[in-house]
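Report on one structure; see the data block that follows.
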Amino acid sequence: MIIKEALQQEQRYINDLNKKNYFSVIVSTYNRPDALDACLKSLLEQTDKDFEILIADDGSSEETHRLIATYITCSSVGIVHIYQVDNGFQLSKIRNKAAAKSKGSYLIFLDGDCVVRTDFVAKHRQLSSPGYFLAGNRILLSQAFTEDVLLKKTPFYKKKLFSFIGLRLGNKINRILPLLPLPLGILRYLQPRNWRKAVGCNTGMWKKDFIKVNGYDELFEGWGYEDSDLVIRLIHAGIKRKEGRFAVPVLHLWHSQNDKSNQDINYQRLMERLNKLDFIIAKKGVSQYID
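Below you can see the structure in the form of structure tokens.
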């Protein structure tokens with residue numbers, strides 16, 4: 028019954044959405060309902076409510092489906108569940124599918140094991156600039172602290188800055204500097220062609236720019252470098268990097284290491300493309316899902 032109600036609520040949201048006023052937050056997930064629960068809770072605490080959430084589900088089981096259905100029925104912002112069957116690590120494909128269904132003019136890519144501060148969307152909106160993508164960064168949580176946060180469902184992302192100092196001193200997080208809200212101004216524009224350390228778990232860009240380069244390239248299967256490839260092609264297309272450090276950090280929950288068996292293949296493909304300045308369009312990208 029709850030899934031039926033969720034589908035009805037989702038359809039009402041799609042029919043009513045005014046895309047001009049919305050950002051689209053694309054949350055990727057795979058069989059981590061506890062982490063996804065924490066991520067969604069933090070998104071629903073945002074001071075800026077003018078956005079939608081698209082959950083890019085790379086083949087999760089029924090437990091995740093039930094969790095998402097529950098959120099859809101009670102959420103104060105629109106939530107759409109984009110699902111594909113489990114056929115191995117196909118993050119690029121599910122992100123493309125979600126982006127194709129998005130209604131906003133600006134896309135924020137976020138991983139479902141990341142928790143955000145309450146001004147996360149507001150800061151992304153403040154820093155969004157025509158002709159630029161925004162590269163945020165992250166703070167890593169320890170395994171023990173992650174397990175404690177998920178077990179107790181602690182909204183630690185709402186704590187004041189001084190509380191995070193204690194977490195750092197206790198080795199519960201790996202650093203604190205990204206949380207400092209520094210007005211970098213012109214410094215945010217100093218590395219317009221730097222593709223390194225632009226993480227897919229915290230990146231923002233205009234949807235038209237994402238479509239211009241044909242989104243993520245689905246030739247990148249398995250873990251590794253699909254984010255770097257997208258950023259390199261954006262830069263080749265004249266879309267510059269804007270630094271999101273000291274403004275839009277995410278709090279990345281601990282997880283076990285991904286299968287990296289495709290890492291070398293993906294890295295070799297990335298290096299082949301890096302200096303091909305005319306290589307802009309993904310060979311197998313988002314265009315196949317756009318009506």
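Straight run, no breaks: the sequence shown in the working numbering ends on number 318.
A virtual CB, placed ideally from N, CA and C, is assigned to each residue, including glycine.
Which residues does DSSP list as the beta-bridge partners of residue i?
i, result
"Lys180", "DSSP lists no partner for Lys180."
"Trp250", "Its beta-bridge partners do not exist; DSSP assigns none."
"Tyr133", "Phe50 and Trp233"
"Ile82", "Val54 and His108"
"Val275", "DSSP, once it has assigned bridges, lists no residue as partnering Val275."
"Ile200", "Leu168"
"Asp138", "Ser55"
Considering Cα atoms alone, identify which of the options is closest to residue i.
i, options, result
"Asn289", "Gln170, Phe136 and Gly249", "Gly249"
"Asp254", "Leu71, Leu161 and Lys180", "Leu161"
"His92", "Gly312, Val176, Asp64 and Phe78", "Asp64"
"Glu90", "Glu79, Gln73, Phe78 and Asp61", "Asp61"
"Val226", "Ala83, Phe183, Arg202 and Arg165", "Arg165"
"Asn58", "Glu79, Asp113 and Tyr49", "Asp113"
"Thr173", "Phe247, Gly271 and Asp140", "Asp140"
"Gln284", "Gly251, Phe273 and Asn302", "Gly251"
"Gly212", "Cys101, Arg300, Ala127 and Ala274", "Ala274"
"Leu177", "Ile317, Thr74 and Leu278", "Leu278"
"Ile238", "Lys120, Ser87 and Ile317", "Ile317"
"Val313", "Lys180, Lys120 and Leu280", "Lys120"
"Gln111", "Ser87, Thr230 and Leu301", "Ser87"
"Gly158", "Met298, Ile308, Ala96 and Lys234", "Lys234"
"Lys287", "Leu81, Phe116, Ile95 and Thr100", "Phe116"
"Lys150", "Ser190, Asn241, Pro208 and Ala127", "Pro208"
"Thr74", "Arg152, Leu280 and Leu81", "Arg152"
"Ser190", "Arg272, Lys179, Thr230 and Leu206", "Leu206"
"Tyr272", "Gly265, Lys224 and Arg260", "The question names Tyr, but residue 272 in the sequence shown is Arg. Cα-wise, what sits closest to Arg272 is Lys224."
"Ser169", "Ile95, Arg300, Leu280 and Glu299", "Leu280"
"Leu81", "Val142, Leu188, Phe136 and Ala264", "Phe136"
"Gly163", "Ala125, Lys179, Val143 and Asn229", "Asn229"
"Asp305", "Arg260, Pro210 and Ala96", "Arg260"
"Lys180", "Lys303, Val142 and Asp236", "Val142"
"Ala264", "Asp138, Thr100 and Leu301", "Leu301"
"Pro276", "Ser156, His282 and Asp138", "Asp138"
If residue i sits next to residue j, beta carbons under 8 Å apart, how far is it from one beta carbon to the other, in whole angstroms?
i, j, result
"Val54", "Val148", "Contact flag wrong, Cβ pair sits at about 12 Å."
"Tyr243", "Arg122", "5 Å"
"Leu154", "Met232", "Between Met232 and Leu154 the Cβ distance is about 12 Å, and since that is not below 8 Å, they are no contact."
"Lys310", "Leu246", "6 Å"
"Asn198", "Leu167", "Incorrect: roughly 11 Å between the Cβ atoms, too far for contact."
"Val240", "Ile307", "5 Å"
"Ile109", "Ala125", "4 Å"
Beta-carbon within less than 7 Å of residue i's beta-carbon, same chain only, minus the 5 sequence neighbours each way: which residues are those?
i, result
"Pro219", "Lys267 and Arg268"
"Tyr49", "Asp77, Phe78, Glu79, Lys130 and Gly131"
"Leu118", "Ser55, Asp85 and Glu253"
"Lys103", "Note on residue identity: the sequence assigns Ser, not Lys, to residue 103. So the qualifying residues of the chain are Leu71 and Lys76."
"Tyr216", "Lys269"
"Leu188", "Leu206"
Near residue i, what residues of its chain come up, given a Cβ to Cβ distance below 6 Å and the 5 sequence neighbours on each side ignored?
i, result
"Tyr98", "Leu67 and Ile106"
"Arg195", "Ile203"
"Ala127", "Val313, Tyr316 and Ile317"
"Ser69", "Val142, Val143 and Tyr184"
Starting from the C-beta of residue i, find all residues in its chain whose C-beta is less than 8 Å away, skip the five residues before and the five after it, and write them out in chain order.
i, result
"Leu44", "Caution is warranted here: a pLDDT of 48 is assigned to Leu44, below 50, making its placement in the model unreliable, and the coordinate value is therefore given only provisionally. Cβ within range, chain order: Glu79, Gly105 and Lys130."
"Ile262", "Pro219, Arg220, Trp222 and Arg268"
"Leu214", "Glu270"
"Glu72", "Thr145, Pro182, Tyr184 and Lys185"
"Lys46", "Because Lys46 sits at a pLDDT of 45, beneath the cut-off of 50, its placement in the model cannot be relied upon, and the following sentence gives the value as read from the coordinates. Contacts found: Lys130, Gly131 and Ser132."
"Arg296", "Leu246, Phe247, Tyr252 and Asp256"
Could you pull the start and end residues of the beta strand (DSSP E) that residue i belongs to?
i, result
"Arg165", "Arg165 to Leu167"
"Val142", "Cys141 to Val143"
"Arg268", "Lys267 to Glu270"
"Val107", "Ile106 to Tyr110"
"Ala62", "Counting along the chain, Ala62 falls outside any beta strand (DSSP E), though it belongs to the alpha helix (DSSP H) covering Pro60 to Leu71."
"Ala162", "Tyr159 to Ala162"
Should residue i be counted as a contact of the ligand GDP given a C-beta to heavy atom distance under 6 Å?
i, result
"Lys187", "In the structure shown, the ligand GDP is absent, as is every other ligand, since no ligand is present at all."
Taking the continuous alpha helix (DSSP H) assigned at residue i, which residues delimit it?
i, result
"Phe191", "Leu188 to Leu196"
"Tyr98", "Glu89 to Cys101"
"Phe147", "Phe147 to Leu154"
"Ile290", "What sits at residue 290 in the sequence shown is Gln, not Ile. Segment Gln290 to Leu301, the alpha helix (DSSP H) holding Gln290."
"Ser283", "Careful: Ser283 lies outside any alpha helix (DSSP H) and carries neither H nor E."
"Ala125", "Leu118 to Lys128"
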